[in-house]
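The next block holds one structure in the form of structure tokens; read it before the comments.
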Amino acid sequence: MAAETKQGLSPQDLPPPGLAVRRLVHPWRWVAGAVVIAVLALLVRAFAKGQIRWPIVGEFLAADVIVKGFGWTLLLTFAALALGILLGFVFGVMRLSANPVLRFAAWLYVWIFRGTPVLLQLLIWFNIALVFPRLYIPGLVDVKMVEVMTPLVAAVLGLGMNEGSYLTEAVRGGILSVDRGQVEAAHTLGMTPGQTMRRIMLPQTMRLILPVLGNSAVGMLKFTSLAATIAMPEMLNAAQRIYFINGAVIELLFVCAIWYLAGTTLLSIGQYYLERHFGRSAGGRA
Amino acid sequence: MTVAVRTVGVRKAFSGHEVLKGIDLEVSYGEVLCILGPSGSGKSTLLRCINHLEMPDSGYAWVDGQIIGYELRGKALHELPVRRLRAQQSQLGMVFQHFNLFAHRTVIGNVIEGPMLVRGQTREAATKRGMELLDMVGMAAKAEAWPSQLSGGQKQRVAIARALAMEPRVMLFDEPTSALDPELVGEVLEVMKRLAAAGTTMIVVTHEIGFAREVADRVVVMIDGEIREAGPAAQVLANPSDPRVRTFLGRVLA
Ligand SMILES: Nc1ncnc2c1ncn2[C@@H]1O[C@H](COP(=O)(O)OP(=O)(O)OP(=O)(O)O)[C@@H](O)[C@H]1O
Ligand SMILES: [Mg+2]
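Top to bottom, those sequences are chains A and B. Counting in the UniProt record's numbering, the first sequence runs from 1 upward without gaps. Counting in the UniProt record's numbering, the second sequence runs from 1 upward without gaps.
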């Protein structure tokens with residue numbers, strides 16, 4: 001006994017409870033923080049003193065053309081995302097079909113649209129009239145392709161179908177990770193395959209792929225800028241048309257950056273609330 | 001006694017391994033049949049063949065006047081279209097070892113899903129009946145809880161209420177208490193005893209010998225895909241004639 005306590009405090013020397021506790025100081029945290037703040041300050045200073053005419057940025061931030069362009073950007077984002085989600089669910093379900101032909105068709109879709117650059121797809125849709133001069137469906141439509149394939153339509157198709165190919169894989173993974181036991185329970189209650197899919201599998205898939213959808217939305221908002229190349233009057237295109245005239249290149253690009261940041265921030269907030277809504281059922285034990 | 005369920009020569013193999021070697025079983029209305037047997041003897045597979053979650057390789061189950069999964073035409077059994085199969089399956093309440101509650105539905109949501117979707121009941125009617133059933137299994141207070149907030153025993157009682165909501169002719173239980181902590185087993189068995197007392201026709205796969213002795217009208221013991229012993233609970237459990245059954249019961253009763 002005596003041997004064990006020789007080097008340490010012996011029981012009768014122990015201090016009373018309630019002593020003040022001095023927390024460990026972390027000097028390197030302060031140093032690292034200071035360094036980063038200094039670098040940030042230098043960066044801010046550099047941009048403030050740099051050759052940017054900030055008043056012009058301010059002036060164009062709320063300019064009609066830019067705001068309208070941002071409106072187009074948003075419209076394009078939501079339209080392409082909606083198309084992508086729709087296709088993602090359709091092909092994602094097809095990927096798991098018992099019918100090998102449907103499975104193959106879905107695989108083919110993913111293979112093509114995920115395997116080629118989205119910019120290339122945009123250009124192909126925009127120029128599709130070179131392949132099919134007329135859009136002709138017997139008894140339904142017969143029009144010139146160039147009249148149908150406006151920049152907006154080409155952009156929605158290009159971005160939407162590309163997004164759909166990614167979401168197909170996400171939906172497929174989501175469906176696969178829904179518990180088989182719940183599917184069997186649905187069957188024993190008498191639910192048809194369609195009812196089981198709609199009421200049991202897809203809602204749970206939805207929750208699983210919401211983070212993916214959130215990233216898709218943020219990504220889509222940014223990818224719409226690619227549509228500037230096919231003369232779609234979205235925000236970047238509008239900014240380019242202005243700076244070709246007034247030469248304020250960097251100022252207008254900064255204006256765009258601010259709007260994109262505002263958009264992606266809002267989307268992230270929306271994602272948070274959506275995930276909270278769909279995550280209700282995952283709540284902890286009461 | 002009127003026969004409620006009869007299996008006729010049910011055989012099932014998984015990749016060459018014969019799991020059910022021709023099972024003939026009979027259950028009357030109001031009867032409780034317990035199926036005992038060692039792990040891997042084919043008890044779950046038998047239940048799943050009865051409600052056609054698995055398609056038997058040969059043989060069939062007949063329940064309440066219908067052959068499950070088939071229509072007898074001429075000399076052949078024609079596989080039913082999935083809608084008609086589901087209609088039959090909804091007559092067979094199934095309670096799983098792992099509860100299988102719908103994770104995205106509340107407790108009452110789980111119970112009313114089938115009646116609303118399959119039976120076309122209104123939400124009000126389904127909820128009214130659902131609350132009665134939840135009350136019966138002692139879960140009415142948790143009607144708005146999510147499955148993730150329940151204990152295993154509570155989940156299983158909700159699963160029983162969900163199956164009962166379809167007003168099935170027969171209830172099938174596949175080891176309903178095997179996934180539960182020992183102190184939660186009793187509350188589930190209590191509900192099952194109440195169902196038995198109310199005259200529910202039940203086929204129960206279980207390892208709870210005490211439950212079998214107390215509640216079962218008849219007991220069958222399955223070993224290696226065959227029924228090796230069948231009869232009144234007291235007789236089968238007290239002096240089984242088959243030596244392998246004696247070994248098995250000796251082990252579980254010890
Ligand atoms: N879907 C399946 N695919 C392949 N083999 C299976 C499948 N289902 C069951 N089996 C096999 O069939 C045999 C019987 O399984 P079953 O689940 O019916 O046994 P059990 O009597 O219910 O056992 P336990 O008491 O462990 O639940 C086992 O060897 C199992 O591995
Ligand atoms: Mg089993």
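C-beta atoms are modelled at their ideal positions from N, C-alpha and C, and glycine is treated no differently. All values reported here derive from a predicted model rather than from experimental measurement.
Between which two residues does the alpha helix (DSSP H) holding A/ILE137 run?
Locating residue 137 of chain A in the first sequence gives position 137, counting from the first residue. Per DSSP, A/ILE137 belongs to no alpha helix (DSSP H); it is in the beta strand (DSSP E), 134–137.
So what's A/ASP179 in DSSP terms, helix, strand or just coil?
Translated into the one-based positions of the first sequence, residue 179 of chain A becomes position 179. Note: A/ASP179 maps to coil in three-state DSSP.
Helix, strand or coil for A/THR5, going by three-state DSSP, please let me know.
Locating residue 5 of chain A in the first sequence gives position 5, where the first residue counts as 1. Only weak support is given to the placement of A/THR5: the predicted model assigns it a pLDDT of 49, under 50, and the value that follows is read from those uncertain coordinates. Correct three-state label for A/THR5: helix.
Can you find a C-beta in chain C that's less than 8 Å from the C-beta of A/SER97?
Absent from the structure is chain C; the protein chains it does hold are A and B.
Please go through the same chain and pick out, in chain order, the residues whose beta-carbon is closer than 6 Å to the beta-carbon of A/GLY148, but skip the five residues on each side of it.
Here residue 148 of chain A refers to the residue found at position 148 when the first sequence is read from its first residue. According to the sequence displayed, residue 148 of chain A carries Val and not Gly. If we look at A/VAL148 and ignore the five residues flanking it on each side, its Cβ neighbours are LEU135.
From what residue to what residue does the beta strand (DSSP E) around B/GLU31 run?
Here residue 31 of chain B refers to the residue found at position 31 when the second sequence is read from its first residue. Note, B/GLU31: premise wrong, no beta strand (DSSP E); not H, not E.
Three-state secondary structure (DSSP) at B/ALA4?
As a position in the second sequence, residue 4 of chain B is number 4, starting the count at 1. In this structure, B/ALA4 counts as strand in the three-state DSSP scheme.
For B/GLY16 and B/GLY37, I'd like the C-alpha separation in whole angstroms.
Residue numbering aside, residue 16 of chain B sits at position 16 when the second sequence is read from its first letter. Residue numbering aside, residue 37 of chain B sits at position 37 when the second sequence is read from its first letter. Cα to Cα, B/GLY16 sits roughly 22 Å from B/GLY37.
Pick out the complete alpha helix (DSSP H) segments inside the stretch 18–100 of chain A, 4 residues or longer, and give them in chain order.
If we require 4 residues or more, the alpha helix (DSSP H) runs fully inside the stretch 18–100 of chain A come out as 27–49, 54–61 and 64–95.
Using a Cβ-Cβ distance cut-off of 8 Å, determine whether B/ARG228 contacts chain A.
The residue given as residue 228 of chain B occupies position 228 in the second sequence. Not one chain A Cβ lies under 8 Å of B/ARG228.
Considering only heavy atoms of ligand 4 and the C-beta of each residue, which residues fall inside 5 Å, strictly closer?
In the structure on display, ligand 4 does not appear, and the ligands it does have are ligand 1 and ligand 2.
With burial defined as no fewer than 16 other Cβ atoms inside 10 Å of the residue's Cβ, what is the status of A/GLY284: buried or exposed?
For the purposes of this step, residue 284 of chain A is identified with residue 284 of the first sequence, where counting begins at 1. The predicted position of A/GLY284 is uncertain, since its pLDDT is 45 and thus under 50; a value taken from the coordinates is nonetheless stated next. Exposed.
Only counting the same chain, and skipping five residues up and downstream in sequence, which positions put a Cβ closer than 7 Å to that of A/VAL156?
Counted from its first residue, the first sequence places residue 156 of chain A at position 156. These residues qualify, in order along the chain: LEU76, ALA79, ALA80 and LEU83.
Quick one: complete alpha helix (DSSP H) runs, 4+ long, within the stretch 64–138 of chain B?
Taking only runs of at least 4 residues, the alpha helix (DSSP H) segments lying wholly in the stretch 64–138 of chain B are 82–89, 107–117 and 123–136.
Could you check if B/LEU25 is buried or exposed, using at least 16 other CB atoms within 10 Å of its CB as the buried criterion?
Locating residue 25 of chain B in the second sequence gives position 25, counting from the first residue. So B/LEU25 counts as buried.
Given 7 Å as the limit, tell me if B/ASP224 has its C-beta closer than that to any heavy atom belonging to ligand 2.
Position 224 of the second sequence holds residue 224 of chain B. B/ASP224: no, Cβ never under 7 Å from ligand 2.
Select from the stretch 178–207 of chain A all residues with a C-beta closer than 8 Å to any C-beta belonging to chain B, and list them in chain order.
Within the stretch 178–207 of chain A, the residues whose Cβ lies closer than 8 Å to some Cβ of chain B are ASP179, GLY181, GLN182, GLU184, ALA185, ALA186, HIS187, THR188, LEU189, GLY190, MET191, THR192, PRO193, GLN195, ARG199, ILE200, PRO203, GLN204 and ARG207, listed in chain order.
Taking 8 Å as the threshold, find out whether the stretch 226–239 of chain A comes into contact with the stretch 188–208 of chain A through three or more Cβ pairs.
With a cut-off of 8 Å, the stretch 188–208 of chain A and the stretch 226–239 of chain A do not count as touching, because too few Cβ pairs lie within range.
Check whether chain B comes within 8 Å of A/SER165, counting only Cβ atoms and requiring the distance to be less than that.
Sequence index remark: in the first sequence, residue 165 of chain A carries index 165 (1-based). Cβ-Cβ to chain B under 8 Å: no for A/SER165.
Please classify A/ASN162 as buried or exposed, where buried requires at least 16 other C-beta atoms within 10 Å of its C-beta.
Working through the first sequence from its first residue, we reach residue 162 of chain A at position 162. Burial call: buried.
Helix, strand or coil for B/ALA230 per DSSP?
Within the second sequence, the letter at position 230 stands for residue 230 of chain B. DSSP places B/ALA230 in strand when its eight states are reduced to three.
Among all the DSSP beta bridges, which residues are the ones paired with B/MET171?
As a first step, residue 171 of chain B is located in the second sequence; it is residue number 171 there, counting from the start. BP columns for B/MET171 point to B/GLY93 and B/MET202.
Below 7 Å CB to CB, which residues in the same chain sit around A/GLY190 once its five sequence neighbours on both sides are set aside?
One-based indexing of the first sequence puts residue 190 of chain A at position 190. Here the set comprises nothing.
Residues of chain A with CB under 7 Å from residue 256 of chain B, in chain order?
Given that chain B is displayed from residue 1 to residue 254, the structure contains no residue 256 of chain B and the question cannot be resolved.
How long is the line joining the alpha carbons of B/LEU164 and B/VAL95, rounded to whole angstroms?
Taking the first residue of the second sequence as position 1, residue 164 of chain B is located at position 164. Taking the first residue of the second sequence as position 1, residue 95 of chain B is located at position 95. So the alpha carbons of these two residues sit roughly 10 Å apart.
Quick one: which residues of the stretch 136–158 of chain B get their C-beta closer than 7 Å to a C-beta of chain A? List them in chain order.
Flagged, chain order: ALA145, TRP146, SER148 and GLN149.
Measuring only the C-alpha atoms, how far is B/GLU144 from A/ARG180?
As a first step, residue 144 of chain B is located in the second sequence; it is residue number 144 there, counting from the start. As a first step, residue 180 of chain A is located in the first sequence; it is residue number 180 there, counting from the start. Cα to Cα, the separation comes out at about 24 Å.
May I have the straight-line CA-CA distance separating B/VAL221 from A/ARG198, to the nearest angstrom?
Position 221 of the second sequence, counted from the first residue, corresponds to residue 221 of chain B. Position 198 of the first sequence, counted from the first residue, corresponds to residue 198 of chain A. Their Cα atoms are separated by approximately 40 Å.
Counting only Cβ-Cβ distances shorter than 7 Å, please list the residues of the stretch 212–227 of chain A near chain B, keeping chain order.
So nothing in the stretch comes that close.
Just to confirm, is the Cβ distance from B/GLN156 to B/VAL118 under 8 Å?
Position 156 of the second sequence, counted from the first residue, corresponds to residue 156 of chain B. Position 118 of the second sequence, counted from the first residue, corresponds to residue 118 of chain B. Taking 8 Å as the Cβ cut-off, B/GLN156 and B/VAL118 do not qualify as a contacting pair.
Measuring CA to CA, which of B/ALA254, B/LEU133, B/SER44 and B/GLN154 is closest to B/ASP174?
For the purposes of this step, residue 174 of chain B is taken as the residue at position 174 of the second sequence. Of the candidates B/ALA254, B/LEU133, B/SER44 and B/GLN154, the one whose C-alpha sits nearest the C-alpha of B/ASP174 is B/SER44.
How would you label A/ALA62, buried or exposed, when you count the other beta carbons within 10 angstroms and need 16 or more for buried?
As a working mapping, residue 62 of chain A is identified with position 62 in the first sequence. A/ALA62 comes out exposed.
With a threshold of 8 Å between beta carbons, is B/HIS104 in contact with chain A?
Start at 1 with the first residue of the second sequence, and residue 104 of chain B comes out as number 104. Cβ-Cβ to chain A under 8 Å: yes for B/HIS104.
Applying a beta-carbon distance threshold of less than 7 Å, which residues of chain B neighbour A/SER281?
Within the first sequence, the letter at position 281 stands for residue 281 of chain A. Those within 7 Å of A/SER281 in chain B are ALA103, HIS104, TRP146 and SER148.
My output table needs one value for A/GLY284: the three-state DSSP class, helix, strand or coil.
As a first step, residue 284 of chain A must be located in the first sequence, where it is residue number 284. Only weak support exists for where A/GLY284 lies, its pLDDT of 45 falling under 50; the value from the coordinates is given anyway. It is coil, neither helix nor strand.
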